[in-house]
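Undergrad: Residue 356 in the numbering used here sits at position 368 of the sequence shown; the count goes up by one each step and never skips. Where is the CB? At the ideal position from N, CA and C, for every residue including glycine. My structure is below; once you've seen it, I'll send some questions.
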Amino acid sequence: MLLTITTTHRPATDLGYLLHKNPGRFQSFTLPFGRADVFYPEATADRCTAALLLDIDPVGLTRPKAGASSNAGWLQQYVNDRPYVASSYLSVGIASVFNSALAGNSRERPELAQQAIPLEAQLPTVPSREGPGLIRQLFEPLGYAVEIQEHALDARFPEWGASPGFGVDLKGTVRLRDLLAHLYILLPVLDDAKHYWIGDDEVDKLLRFAAGWLSEHPHQELISARYLKRQRSLVRQALAQLSDDNQADPDAVTERGQHDEERLENPLRLGEQRIQAVLTALRETGATRVLDLGCGEGNLLRELLREPAFRSITGVDVSHRALETAHARLRMDNLPDAQRERITLFQGSLTYQDRRLSGYDAAVGMEVIEHIDPSRLDAMEAVLFGVAQPGSVIITTPNSEYNALFENLPPGEFRHRDHRFEWTRRQFQDWAGGVAGRRRYDVRFQGIGPEHPAHGAPTQMGVFTR
Ligand code: SAH
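And the structure:
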């Protein structure tokens, strides 16, 4: 298995300093599963290529290791693709042999290690049982130009079809540490092999090497799930921490944006009207167990607590910070027991399957969907309407047609800087109607706030019932 990394950043031979491997030497390393060689097929000032060649010992792999449990058949243990495809073994090779580079350290060229430079990685066999599309989906959002070569499974037997292994060439202007981290995480994700061992420290590794890019990646859930081999609790742990990372700043963005939005909407006392409209809709459904998704700082929760009919109230948000504020504002530590027992807060995301979201009569998502990336709306639909399946769902979101009437909002801007979109009435109704049809709910719509004859009301609400 071979990985080559090429740069044309001048002097290109600085690649040797970045990798902590002298271009003039051939070096070998012993790894737990075989041998790694590092050498430079070319090393000039214009262009320099480092090669990492892994020689995996398939027989050595069958020897039992501490912590590993293997139930694969004997033949499979000896005859397998492990020596030939880029997999988690290559990740281990990268982490062992290019350890400092992966950490972004270079004794001789510390600034260069932090600089994006033209780099190209070539891998002769990247496994992707889903075909070449997934390889693109994983690497292109990270800014690489991706070239893929398809191979026949066996050139002598074309009828056997295409090989699930692809030649991959990635070109980009990135920091070397990022290129290595992308490969470290994404090669095992593409390989999706059953047999490698996953422990708690894999969550740490995922978070460490994924810092700064995974939380923005459109396929972050697929990546986490596969990297952690779909072990639910580990995946959940990773995603929760990831959204924390993501929120470190976005939290602040959300809070700052919140104030802008309030300034805009305050004269209409829209926040209050929204809560009243949601409460009325909730009462009509007869719900007693209510979920407030994206509860934020707890504005709706406070009102729900005032009505004994809502016997069980749960607030969920991705932001720890918002939940802490909600906890304080609701004075949860000082509530009388009878009240305290009615309310629960927990951190979670409504784009990720979570058993804790099931078993409610009604769920509210008040001013939340517009904070969700459009590419994640299908995931939200599956979680909320497919898995959690509350008896009714109440969703409110801005009506973008009304924006023209806000004097302080420049045309084309959103009300809140964390909004990923703002929908017209038509767009919201199309989306909600589609969801209702697919998920066997009925949906009705209502405007909230002063109704303008042409632009409609500032907020729109959809009430889904089963
Ligand atoms: N519903 C509250 C807060 C609205 S602000 C109110 O109307 O006052 C939007 C909230 O949604 C923020 O608190 C944000 O942290 C939360 N949020 C954004 N994406 C989320 C997700 N995927 N899952 C859960 N909460 C989310």
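Taking 7 Å as the threshold (C-beta atoms), are Pro106 and His207 in contact?
TA: Counting from one through the sequence shown, the residue named residue 207 turns up at place 219. Counting from one through the sequence shown, the residue named residue 106 turns up at place 118. Cβ distance not < 7 Å, so His207 and Pro106 don't count as in contact.
Undergrad: When you compare each of Glu272, Tyr390, Glu204, Lys159 to Ala445 by their alpha carbons, which one comes out closest?
TA: Within the sequence shown, residue 445 is the residue found at index 457, counting from 1. Closest option to Ala445, Cα to Cα, is Tyr390.
Undergrad: Closest to Val191 by C-alpha separation, out of Leu167, Trp201, Leu168, Arg224, would be which residue?
TA: Taking the first residue of the sequence shown as 1, we reach residue 191 at position 203. Per the Cα distances, Arg224.
Undergrad: Counting only the same chain and skipping the five closest in sequence on each side, list residues whose C-beta sits under 8 Å from that of Ser79.
TA: Here residue 79 is taken as the residue at index 91 of the sequence shown, counted from 1. Excluding residues within five positions, the ones whose Cβ falls inside 8 Å are Leu171, Tyr172, Ile173, Leu175, Pro176.
Undergrad: What does the shell around the ligand SAH hold, if a residue joins when its beta-carbon is under 5 Å from any heavy atom?
TA: Ordered along the chain, the selected set is Gly282, Gly284, Asn287, Asp305, Val306, Ser307, Ala310, Ser337, Leu338, Thr339, Met354, Glu355, Val356, His359.
Undergrad: My output table needs one value for Ile105: the three-state DSSP class, helix, strand or coil.
TA: In the sequence shown, residue 105 corresponds to position 117, counting from 1. Reduced to three states, the DSSP call for Ile105 is strand.
Undergrad: Please say whether Thr412 and Asp430 have beta carbons closer to each other than 7 Å?
TA: Here residue 430 refers to the residue found at position 442 when the sequence shown is read from its first residue. Here residue 412 refers to the residue found at position 424 when the sequence shown is read from its first residue. Their beta carbons are not under 7 Å apart, which means Asp430 does not touch Thr412 by this criterion.
Undergrad: Taking the continuous beta strand (DSSP E) assigned at Phe14, which residues delimit it?
TA: Here residue 14 refers to the residue found at position 26 when the sequence shown is read from its first residue. Note, Phe14: premise wrong, no beta strand (DSSP E); not H, not E.
Undergrad: Under 7 Å, do Ser94 and Tyr28 count as touching if we go by C-beta distance?
TA: If you number the sequence shown from 1, residue 94 lands on position 106. If you number the sequence shown from 1, residue 28 lands on position 40. Result no, Cβ atoms of Ser94 and Tyr28 do not sit closer than 7 Å.
Undergrad: Note down the Cα distance separating Arg165 from Gly119, rounded to an integer number of angstroms.
TA: As a working note, residue 165 is residue 177 in the sequence shown. As a working note, residue 119 is residue 131 in the sequence shown. Rounded to the nearest angstrom, the two C-alpha atoms are 27 Å apart.
Undergrad: Anyone know if the C-beta pair for Arg262 and Ile436 falls short of 7 Å?
TA: In the sequence shown, residue 262 corresponds to position 274, counting from 1. In the sequence shown, residue 436 corresponds to position 448, counting from 1. Their beta carbons are under 7 Å apart, which means Arg262 touches Ile436 by this criterion.
Undergrad: Pick helix, strand or coil for Ile436, following the three-state DSSP scheme.
TA: Walking along the sequence shown from the start, residue 436 turns up at place 448. The answer is strand: DSSP assigns Ile436 an E or B state.
Undergrad: Count the other CB atoms, across all protein chains shown, that sit within 10 Å of the CB of Phe433; report buried if there are 16 or more and exposed otherwise.
TA: Here residue 433 is taken as the residue at index 445 of the sequence shown, counted from 1. When all chains shown are included, Phe433 counts as exposed.
Undergrad: Thinking C-alpha only, which one of Ala150, Gly131, Arg144, Pro129 is nearest Glu138?
TA: Reading the sequence shown from its first residue, position 150 is the one you call residue 138. Residue Ala150 is the option with its Cα nearest to Glu138.
Undergrad: From Phe17, Leu19, Thr1, pick the residue whose C-alpha is nearest to that of Pro11; which is it?
TA: As a working note, residue 11 is residue 23 in the sequence shown. Closest option to Pro11, Cα to Cα, is Thr1.
Undergrad: If I measure Cβ to Cβ from Gly455 and keep anything under 8 Å in the same chain, skipping five residues before and after, which residues do I get?
TA: Because the chain spans -11 through 454 in this model, residue 455 falls outside it and cannot be assessed.
Undergrad: Can you give me the C-alpha to C-alpha distance between Leu158 and Glu312, rounded to a whole angstrom?
TA: In the sequence shown, the residue the question calls residue 158 occupies position 170. In the sequence shown, the residue the question calls residue 312 occupies position 324. Roughly 43 Å separates the two Cα atoms.
Undergrad: How should Pro20 be labelled, buried or exposed, when 16 other C-beta atoms within 10 angstroms of its C-beta is the threshold for buried?
TA: Residue numbering aside, residue 20 sits at position 32 when the sequence shown is read from its first letter. Exposed, since its Cβ has fewer than 16 Cβ neighbours within 10 Å.
Undergrad: Taking DSSP as the reference, what is the three-state secondary structure of Ser337?
TA: Looking up residue 337 in the sequence shown gives position 349. If DSSP states are grouped into helix, strand and coil, Ser337 belongs with coil.
Undergrad: Relative to the alpha-carbon of Ile543, which residue among Glu30, Thr32, Arg290, Gly81 has its alpha-carbon at the smallest distance?
TA: Residue 543 lies beyond the stretch modelled for the chain, which goes from -11 to 454, so this question has no answer here.
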